[in-house]
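The sequence shown begins at 1 in the UniProt record's numbering and counts up by one. For each residue, glycine too, the CB sits at the ideal point set by N, CA and C.
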Amino acid sequence: MASDQLALTYTMLIVEDDIDALDALRAALARRYPELNLVVATSGEQGLELFRQLRPQIVMSDIQMPGMSGIDMVRELRLLAPETRVVIITAHLESRLLLDCLNLNVSRYLVKPVENALLFQAVDDSLERIELEHQLKAQNAALWQSREQLRLALDAAALGTWDYRPGTGKVIWDERSQVMFGLEGVQTDYRNVLSRIHPEDRNRVDLAVQRASGESIHGDYHQEFRVVWPDGSIHWISSQGKVFRDAAGETRFIGANLDISARVQATEQLQLSESRYRGLFSSLQEGFSLLEGVIGPDGIDYRFLEVNPAFERLTGLRREQLIGKQLSLVFPDLEERWLACLATVAITGQPARLEHRSQTSDRYYEVQVYSPEKGQVAALYLDLSERRKLQMEREKNERLESLGVLAGGIAHDFNNILMAITGNISLARLQLDKDSQVDARLEDSEKAVAKATALTRQLLTFARGGEPVRKSVCTQALICEAASLFLSGGNCKAELNLPEDLWQLNADPGQIHQALNNLILNGVQAMPGGGTLTLSAANQVIDTGYGRGLVPGRYLKIVISDQGCGISPELLTKIFDPYFTTKPKGSGLGLASVFSIVKRHEGAISVWSTPGSGTSFELLLPAANQGETALAEPVVETAPAPEQSFAQGQAILVMDDEEMIRNLASQMLTRLGYRTTTCSDGAQAVDLYRQNLEKDPFAAVILDMTVPGGMGGQGSGLPDPLPGQRRGAHHFQRLHR
């Protein structure tokens with residue numbers, strides 16, 4: 001039956017304190033259901049009063065209202081009419097609200113703003129449910145009437161009989177009926193019987209009796225109602241009978257009573273359970289599908305019995321496209337492992353799990369399959385996308401860390417060798433004529449060593465990033481400076497989108513400058529024919545729901561976009577891997593270094609690219625605390641230039657674990673006129689320093705900061721500057737390599 005036909009004889013009460021929202025609801029419903037009697041109220045109190053007067057079949061109410069809330073109003077009207085269909089409208093769906101709705105047997109709940117489709121669906125469901133209930137009652141009544149004689153005869157032991165004479169008001173009933181009404185051993189009249197009926201049911205029962213008594217021929221009577229026993233307990237009675245008239249026209253009622261308390265209680269529990277299930281089922285964030293096994297054209301198949309909204313979102317298909325359809329027809333390309341898993345669960349009854357990647361949403365799910373009853377299988381989809389993404393990123397970080405340790409060790413040893421080569425070349429050139437061919441060759445060698453040193457520096461940056469020395473940095477100035485180095489005078493132009501209210505960065509300016517340089521250089525090299533490189537920045541607050549492993553707080557989002565050839569999806573996942581490059585002369589360490597620097601700053605980097613259209617890199621870097629201003633670069637205190645050479649045979653202590661470095665430093669300092677003492681670790685340096693402190697103190701100490709397996713300069717504990725000495729008179733030089 002159509003919904004407009006169902007609405008012919010029904011009343012609907014709308015309770016909403018927002019007049020605009022109320023008018024919108026009433027207008028929408030009036031257009032859809034012109035025959036439905038719509039009554040409106042603007043408060044819970046007014047709504048409850050109208051309900052008492054009109055007893056509408058459907059109530060639609062807002063939750064939050066001044067005075068009596070929607071939940072409190074529903075709680076009151078449930079005492080008056082448990083069967084009324086109730087639809088709740090709320091702005092926020094909370095677990096407590098869901099529990100209240102379940103406890104109050106709310107038919108539906110809608111979340112603001114309410115779409116007309118959902119609104120009409122809720123009303124359609126309510127109207128159809130009401131009509132079905134009416135039809136069910138009518139069918140039950142017809143069934144009871146058609147089988148009255150047989151049931152009275154067969155179930156005499158379970159039924160209580162009664163005989164009512166409307167003319168005298170006298171009621172004759174058997175012992176079972178007396179027990180049902182809590183009036184054992186009492187012969188009473190019709191008024192006493194009515195007094196036992198629950199006040200909310202009394203008028204209805206009396207009206208039904210009077211109506212049946214007034215039937216012109218043989219009237220039928222069938223009512224279900226509550227009776228209140230002397231101890232206050234409530235019992236449900238189903239009473240039915242027939243009206244007969246004798247030759248004199250005197251009316252006589254003969255019928256039977258049945259205690260249906262257990263059935264009503266079971267029905268109420270079933271309805272409550274169904275309502276709770278439906279509410280939880282619809283609000284479940286995980287996708288759910290229920291299927292039953294069938295015999296299809298190609299053998300065993302499965303038919304959809306039910307799906308929840310989350311499953312619709314997962315598949316991109318509406319419920320109407322799934323219910324009743326066979327699995328193989330809806331998903332013809334379904335993997336064989338799915339069918340095998342469903343078959344195993346259906347046959348054995350043992351639950352199973354498998355992983356699934358949704359082509360619609362490109363997300364990963366763990367699917368838990370079980371059999372709720374014989375012949376059925378159910379599947380619950382748990383979203384593993386974020387967990388999988390974090391796991392992949394963690395594994396990538398572990399790989400990078402392992403490679404970094406290896407690269408750092410190689411770079412450290414290689415750097416020592418380069419230092420020795422550079423120093424010896426420098427010493428050799430000092431002994432040669434500047435115009436000699438040998439000097440020219442040595443100069444070329446120095447340039448080659450300088451390139452190798454730069455590559456070593458990149459390796460060290462990738463390996464440990466250099467622990468950032470953070471301070472508050474002006475974001476605009478840092479980006480503008482980095483852009484000017486590569487974009488001035490070239491065939492690429494820069495487009496800067498830098499709001500004036502940008503927060504300060506909490507960063508190591510040198511490292512972030514290097515990271516920006518690498519990204520800008522990548523963009524420029526991606527546009528050999530020219531183009532626009534866009535650099536933009538914005539403030540962003542990261543909350544707890546944000547992924548990528550970031551701590552909630554204030555961040556700067558920096559985006560660098562080029563108009564180059566782009567990067568294919570196959571290569572996009574590899575660009576941060578060390579030593580991976582697509583450039584003929586690339587080292588494969590530029591983006592790996594950027595990744596390392598960003599991670600050391602507790603930030604995040606992401607990239608997206610469209611082949612033929614360009615590439616964009618997004619950096620998320622922690623912002624400085626509010627109110628903190630960018631610090632100026634520290635001023636280096638310099639001693640006044642001496643009037644004569646400082647090298648007058650002063651003693652200098654050199655500590656380095658590499659013998660060739662010690663020898664090189666000693667030769668250079670000796671050539672400059674210093675006396676040198678060398679040692680291989682920090683413990684020896686401390687001993688030598690103490691021994692010479694009184695008789696011949698060192699004018700300077702040159703320390704290697706880290707010594708494998710021993711004490712380096714950082715752990716030596718030597719003061720800087722020396723106690724009692726003016727800065728510049730004696731000083732230390734700590735060398736990082």
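Quick check on DSSP: helix, strand or coil for residue i?
i: Val369; result: strand
i: Val426; result: A small correction: the amino acid at residue 426 is Ser; Val does not occupy that position in the sequence shown. Three-state result, Ser426: helix.
i: Trp608; result: strand
i: Pro622; result: strand
i: Leu390; result: helix
i: Asp163; result: strand
i: Ser69; result: coil
i: Gln504; result: coil
i: Ile597; result: helix
i: Val701; result: strand
i: Ile512; result: helix
i: Cys492; result: strand
i: Trp338; result: helix
i: Thr9; result: helix
i: Lys695; result: helix
i: Thr188; result: coil
i: Trp229; result: coil
i: Ile14; result: strand
i: Phe414; result: helix
i: Thr344; result: helix
i: Arg318; result: coil
i: Gly169; result: coil
i: Val114; result: coil
i: Pro721; result: Because Pro721 carries a pLDDT of 47, less than 50, the predicted location of this residue cannot be relied on, and no value is offered for it.
Give the range of the alpha helix (DSSP H) segment to which residue i is assigned.
i: Glu570; result: 569-572
i: Leu54; result: 44-54
i: Met60; result: First-last for Met60: 58-62, but that is the beta strand (DSSP E), not the alpha helix (DSSP H).
i: Ile661; result: 659-671
i: Ala208; result: 199-213
i: Asn103; result: 95-103
i: Leu314; result: 309-315
i: Ile19; result: 19-32
i: Val179; result: 175-181
Report back the beta-carbon spacing between residue i and residue j to the nearest angstrom; my notes put them in contact at under 8 Å.
i: Glu83; j: Leu48; result: That belief does not hold up - the Cβ atoms of Glu83 and Leu48 are roughly 17 Å apart, past 8 Å.
i: Asp62; j: Asp124; result: Not really, about 21 Å apart at Cβ, beyond 8 Å.
i: Thr615; j: Ala526; result: 7 Å
i: Leu496; j: Ile558; result: Not really, about 11 Å apart at Cβ, beyond 8 Å.
i: residue 754; j: Leu688; result: Because residue 754 is not part of the residues shown, which for the chain are 1 to 737, the question remains open.
i: Arg690; j: Ala651; result: Rounded, the Cβ-Cβ distance is 14 Å, inconsistent with contact.
i: Gln511; j: Ile597; result: 5 Å
i: Asp301; j: Val294; result: 5 Å
i: Val87; j: Ser43; result: The Cβ separation is near 18 Å, so there is no contact.
Which residues does DSSP list as the beta-bridge partners of residue i?
i: Gln326; result: Arg303
i: Thr678; result: Val654
i: Glu355; result: Glu366
i: Ala256; result: Thr161, Gln240
i: His222; result: Gln240
i: Leu119; result: Leu119 is not bridged to any residue.
i: Arg85; result: Ile58
i: Phe288; result: Leu380
i: Asn497; result: Ser536
i: Ser472; result: Asn506
i: Ile234; result: Val228
i: Ile295; result: Ile300
i: Gly614; result: Thr610
Going by DSSP, what residue range makes up the beta strand (DSSP E) through residue i?
i: Lys557; result: 553-561
i: Leu380; result: 376-383
i: Asn37; result: 37-41
i: Gln540; result: 531-542
i: Arg108; result: 108-111
Please confirm if the segment 253-270 is in contact with the segment 337-346, defined as three or more CB-CB distances below 8 Å between the two stretches.
Taking one beta carbon from each stretch, the segment 253-270 and the segment 337-346 have fewer than 3 pairs nearer than 8 Å; the two do not touch.
Using 8 Å as the cut-off, can you tell me whether the segment 653-665 makes contact with the segment 418-432, which would need three or more C-beta pairs spanning the two stretches below that distance?
Three or more beta-carbon pairs drawn from the segment 653-665 and the segment 418-432 are found closer than 8 Å, and the two stretches are therefore classed as touching.
Do three or more CB pairs link the segment 368-378 to the segment 285-302 at distances below 8 Å?
Yes: at least three Cβ pairs fall under 8 Å.
Touch check for the segment 602-612 and the segment 562-577: three-plus C-beta pairs under 8 Å?
yes
Could you tell me whether the segment 185-194 touches the segment 159-171, where touching means 3 or more Cβ pairs closer than 8 Å?
Yes: the two stretches touch, three or more of their Cβ pairs being nearer than 8 Å.
Cβ contact check for the segment 431-450 and the segment 465-479: 3 or more pairs under 8 Å:
no
Say whether the segment 312-326 touches the segment 346-355, bearing in mind that this needs 3 or more beta-carbon pairs closer than 8 Å, one atom from each stretch.
no
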